[in-house]
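Worksheet: one structure, shown below.
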Amino acid sequence: MKRRTIAASLGLLLSLQLMAQQPKLFVPLNVQRAIERGTRTTDGKPGPNYFQNRSDYRIKATFDPKTGELVGRETIVYENNSPDSLRNIILRLYPNLFKVGAERQSAVDPADLNNGVELQEIRVNGSPISTEKLKYAGTNAIIPMKPSIKANTSVTLDIAWKVKLPNKTKIRMGRYDTGTYFVAYWYPQIAVYDDINGWSTDSYTGLQEFYNDYCSFDVEITLPRNQVAWATGELQNADAIFSDKILERIASAKKSDQLVRVVTAEDIASNSILKADTENVWRFKASNVPDFAFGVSDSYVWDATSVEVDPATQRRVLVNAVYKVGSTAGENVAEIAQRSIKRLSEKLIGVPYPYPHMTVYEGDFGMEFPMMCNDGPVTDPIQKAFVTSHEVSHSYFPFMVGTNETLYGWIDEGLVTFIPKAIEQEYGNTNAHYYIAAWGKRTMGTTNDVPLSVPSTNLNVATSFMQNYGRAAVGFYFLHDMLGEKVFQKVIKEYVTRWASKHPTPTDLIYTINSVTGKDYSWYWNPWFYEYGYADLALEDVTISDDKVNLTVTKKGLFPVPIKFTVTFNDGTTQTIYHTAQVWEKSSTWRLKQTFDKKVAKVALGDANIPDAFAANNTYRVN
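Residue numbering for the sequence shown follows the numbering used here, beginning at -15 and increasing consecutively.
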């Protein structure tokens, strides 16, 4: 017994010593409490007590793309899988962004201001709720539950509503011509209740993105004559809607790697796409997705192909591109999306694309949705590859892995800005690290360069863009550089596998990387993700004698960045020495003492892909 006690004491002492040697990762208190409750773990896995609520939506809606008027009725079965009794339900009413007097961070055309979502009827388990007495908080409606929704029980809500969607303003959705509309954030939606913050109550201001539960959808959309619809989920009644030739083309595309012109300009002109020249009811179903969006048009052409994403099952994914007749922005998009899905499934993520299809819809704002993206009208080939691969990559973050984008937009945007760079390079992008240079030159170290841990809800437009896309992508880029491609891909695959259809926090991502690699990277995470600072490497104590170099590189700034050291010789040739940011784990200085085979004329630090706040101290020339 005594020996065991001594051994245990020595083990504890050793653990404490090891902990003392490592910088301590900042862990928010609400995350610490979740770990204590057993819903999260310190190795980055969901805990034994992890829970997640869900909703099943049955929606019937009628939509007129010419006016933007939508009338709907929905039944929501909401499951409370938490250990808590819920006294209220938070109902998201995103179109209230356009309500007169609403708080906004995005410009709205005055012609689109209205009274917001008109809730005509609400029933809870069949009992009516007075819509006139509801309390509102921004774009949220608070529905009282009497009695409370007990743990591990469900409640059924029936809601009737109507809304006028914007005709001129385009914030992630909108009307693109008289008969073409992309529709998102259109139905009353129950907010997330999680183990970190309880109800997600942040109001939608047009800037931040979204955080939703995983749900099922059974949606019927009634559209005017000649309107074609594409949506989240699979069309259930294609045989009743499309003409035989269109059905044959769709079937062909589902089996082929080759491009099929499903709807052409000639088909539109001859009105030969649909079986009936009347209004149609389009029925779509989707399961285990966090949102539902759709696009409609009476004038867009449609390209399709498919790609095998899982050799073990030979499962194929239908890939659609829907765009204006004659659009150079739309041409080649289906092929880019096809290649992106294949590369993401096979290697870049290493997890097969999870959905039956992907539809890229030509709009004017790059924005992701489950199985859909509203792509900007980009004509430059390299930019087209960037936008398309970026939006397709969002299928994994935040849809397969359900991060709270409202608060932590940097995880998703940072990952899908960095990971698809390999795809962009295949399309000729030689500057695949644009955001590194942009963030380093424009924002790094300024008052707008706030830590990534600052919630996205606290950021303005400029800060949000450079932090979520710039600083985050840089942090992941240098992490990839340290880990190497093989280990980085292993880490990302494990993160996706652990948190598929769940809600990780930034801490869960960090703990996953630490646990998979077997190393504590807190020394890296803290400055890059949680602290104010900038990158600054400096040459010091330089002595050069002919072919001999003796110098010190000092990390004067907070951020650990790679050392790229270029030696220029008298004959004009150069030699490069490179070390990843790993060199700064235990020291803020790095020494070089080396003899070369030529006389040295100059030594210099850095390049365009390594940010440095004070580049003047990076070069030494021999007199």
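All residues carry an ideal CB built from backbone N, CA and C; glycine is no exception.
All figures in this text were calculated on a predicted structure; none of them were measured in a lab.
CB of residue 193 within 8 Å of CB of residue 393, strictly: If you number the sequence shown from 1, residue 193 lands on position 209. If you number the sequence shown from 1, residue 393 lands on position 409. Against a cut-off of 8 Å, the Cβ pair of residue 393 and residue 193 comes out as a contact.
At least three beta-carbon pairs within less than 8 Å, the region 9 to 23 to the region 44 to 55: Contact fails: fewer than three Cβ-Cβ distances are below 8 Å.
Test item: CB-CB of residue 339 and residue 373 under 8 Å: For the purposes of this step, residue 339 is identified with residue 355 of the sequence shown, where counting begins at 1. For the purposes of this step, residue 373 is identified with residue 389 of the sequence shown, where counting begins at 1. In this structure, residue 339 sits away from residue 373, with a CB-CB distance that is not shorter than 8 Å.
CA-to-CA distance, residue 76 to residue 172, given in whole angstroms: Within the sequence shown, residue 172 is the residue found at index 188, counting from 1. Within the sequence shown, residue 76 is the residue found at index 92, counting from 1. Rounded to the nearest angstrom, the two C-alpha atoms are 6 Å apart.
Counted within 10 angstroms of its Cβ, other Cβ atoms place residue 265 as buried (16 or more) or exposed: If you number the sequence shown from 1, residue 265 lands on position 281. The residue is exposed, with fewer than 16 neighbouring Cβ atoms inside 10 Å.
At least 3 beta-carbon pairs within less than 8 Å: the region 178 to 190 vs the region 309 to 325: These segments do not touch.
Assigned secondary structure, residue 69 (DSSP; H/G/I helix, E/B strand, else coil): As a position in the sequence shown, residue 69 is number 85, starting the count at 1. In this structure, residue 69 counts as coil in the three-state DSSP scheme.
Cβ pair residue 174, residue 69 closer than 8 Å: Within the sequence shown, residue 174 is the residue found at index 190, counting from 1. Within the sequence shown, residue 69 is the residue found at index 85, counting from 1. If you check the CB distance, residue 174 and residue 69 do not come in under 8 Å.
The region 194 to 206 / the region 82 to 89 touching (three or more Cβ pairs under 8 Å): Under the three-pair Cβ rule at 8 Å, the region 194 to 206 does not count as touching the region 82 to 89.
For residue 475, the nearest candidate out of 461, 486 and 493 (CA to CA): Within the sequence shown, residue 475 is the residue found at index 491, counting from 1. Nearest option by C-alpha distance: 493.
Bridge partner(s) assigned by DSSP for residue 552: If you number the sequence shown from 1, residue 552 lands on position 568. Within the DSSP secondary-structure output, residue 552 pairs in a beta bridge with 558 and 586.
Of the listed residues 423, 569, 499 and 389, nearest to residue 466 (C-alpha basis): For the purposes of this step, residue 466 is taken as residue 482 along the sequence shown, with counting starting at 1. Minimum Cα-Cα distance from residue 466 among the listed residues 423, 569, 499 and 389 corresponds to 569.
Cβ neighbours of residue 5 in the same chain (closer than 7 Å, five flanking residues each side left out): Along the sequence shown, one-based indexing puts residue 5 at 21. The predicted position of residue 5 is uncertain, since its pLDDT is 46 and thus under 50; a value taken from the coordinates is nonetheless stated next. No residues qualify anywhere along the chain.
Through-space distance from residue 575 to residue 195, alpha-carbon basis: Walking along the sequence shown from the start, residue 195 turns up at place 211. Walking along the sequence shown from the start, residue 575 turns up at place 591. So the alpha carbons of these two residues sit roughly 47 Å apart.
Pairwise C-alpha distance: residue 334 and residue 293: Stepping through the sequence shown from its first residue, residue 293 is reached at position 309. Stepping through the sequence shown from its first residue, residue 334 is reached at position 350. C-alpha separation (whole angstroms): 10 Å.
Pair within 8 Å by beta-carbon distance, residue 403 and residue 332: Walking along the sequence shown from the start, residue 403 turns up at place 419. Walking along the sequence shown from the start, residue 332 turns up at place 348. Cβ distance < 8 Å, so residue 403 and residue 332 count as in contact.
Residue 239 - DSSP class collapsed to helix/strand/coil: By 1-based counting over the sequence shown, the position of residue 239 is 255. Note: residue 239 maps to helix in three-state DSSP.
Residue 270 versus 285, 399 and 354, residue with shortest Cα-Cα distance: Locating residue 270 in the sequence shown gives position 286, counting from the first residue. Nearest C-alpha to residue 270: 354.
Proximity of residue 605 and residue 586 at Cβ, strictly below 8 Å: Residue numbering aside, residue 605 sits at position 621 when the sequence shown is read from its first letter. Residue numbering aside, residue 586 sits at position 602 when the sequence shown is read from its first letter. The criterion of a C-beta distance shorter than 8 Å is satisfied by residue 605 and residue 586.
Length of the line joining the Cα atoms of residue 97 and residue 123: Within the sequence shown, the letter at position 113 stands for residue 97. Within the sequence shown, the letter at position 139 stands for residue 123. Taking the straight line joining both Cα atoms gives about 14 Å.
Own chain residues within Cβ distance below 6 Å of residue -11, not counting five before or after: Position 5 of the sequence shown holds residue -11. Summary for residue -11: the model assigns pLDDT 40, below 50, so the residue's position carries little reliability; its value from the coordinates is reported in the next sentence. Same-chain partners within the cutoff: there are none.
From 422, 31, 513 and 508, residue whose alpha carbon lies closest to that of residue 436: Within the sequence shown, numbered from 1, the residue matching residue 436 stands at position 452. For the residues 422, 31, 513 and 508, the minimum Cα distance to residue 436 belongs to 513.
Beta carbon of residue 351 nearer than 8 Å to that of residue 325: Numbered from 1 along the sequence shown, position 367 holds the residue referred to as residue 351. Numbered from 1 along the sequence shown, position 341 holds the residue referred to as residue 325. The answer is no: Cβ separation not under 8 Å.
CB contact flag (residue 43, residue 185, <8 Å): Working through the sequence shown from its first residue, we reach residue 43 at position 59. Working through the sequence shown from its first residue, we reach residue 185 at position 201. In this structure, residue 185 does not lie closer than 8 Å to residue 43 by Cβ.
Contact under 8 Å by Cβ, residue 280 with residue 291: Along the sequence shown, one-based indexing puts residue 280 at 296. Along the sequence shown, one-based indexing puts residue 291 at 307. For residue 280 and residue 291, no; Cβs fall outside 8 Å.
8 Å contact criterion, which residue 440 and residue 432 should meet: CB distance rounded: Taking the sequence shown and counting its residues from 1, one reaches residue 440 at position 456. Taking the sequence shown and counting its residues from 1, one reaches residue 432 at position 448. Their Cβ separation, rounded to whole angstroms, is 14 Å, which puts residue 440 and residue 432 out of contact at 8 Å.
Residue 656 - containing alpha helix (DSSP H), residue span: Given a span of -15 to 607 for the chain in the structure shown, any question on residue 656 remains unanswerable.
Cβ contact (3+ pairs, closer than 8 Å) linking the region 25 to 33 and the region 483 to 497: These segments touch.
Distance between residue 158 and residue 591 (C-alpha atoms, nearest Å): Position 607 of the sequence shown, counting from 1, holds the residue named residue 591. Position 174 of the sequence shown, counting from 1, holds the residue named residue 158. Using only the alpha carbons, I get a separation of about 42 Å.
Contact the region 220 to 229 vs the region 244 to 258: 3+ CB pairs below 8 Å: Yes, they touch.
Rounded C-alpha distance that separates residue 396 from residue 496: Residue mapping note: residue 396 aligns to position 412 of the sequence shown, counting from 1. Residue mapping note: residue 496 aligns to position 512 of the sequence shown, counting from 1. Near 16 Å, if we compare the C-alpha coordinates of residue 496 and residue 396.
CA-to-CA distance, residue 252 to residue 262, given in whole angstroms: Position 278 of the sequence shown, counted from the first residue, corresponds to residue 262. Position 268 of the sequence shown, counted from the first residue, corresponds to residue 252. Near 15 Å, if we compare the C-alpha coordinates of residue 252 and residue 262.
Residues that residue 258 bridges to, as DSSP identifies them: In the sequence shown, residue 258 corresponds to position 274, counting from 1. DSSP lists 226 as the beta-bridge partner residues of residue 258.
Cβ separation of residue 362 and residue 368, assumed to be a contact under 8 Å, to the nearest whole Å: For the purposes of this step, residue 362 is taken as residue 378 along the sequence shown, with counting starting at 1. For the purposes of this step, residue 368 is taken as residue 384 along the sequence shown, with counting starting at 1. With a Cβ gap of about 5 Å, residue 362 and residue 368 count as contacting.
Beta carbon of residue 541 nearer than 8 Å to that of residue 517: Start at 1 with the first residue of the sequence shown, and residue 541 comes out as number 557. Start at 1 with the first residue of the sequence shown, and residue 517 comes out as number 533. Yes, these two residues count as a Cβ contact at 8 Å.
Buried versus exposed, by CB contacts within 10 Å (16 or more), residue 117: For the purposes of this step, residue 117 is taken as residue 133 along the sequence shown, with counting starting at 1. Counting Cβ neighbours within 10 Å, residue 117 comes out exposed, since fewer than 16 surround it.
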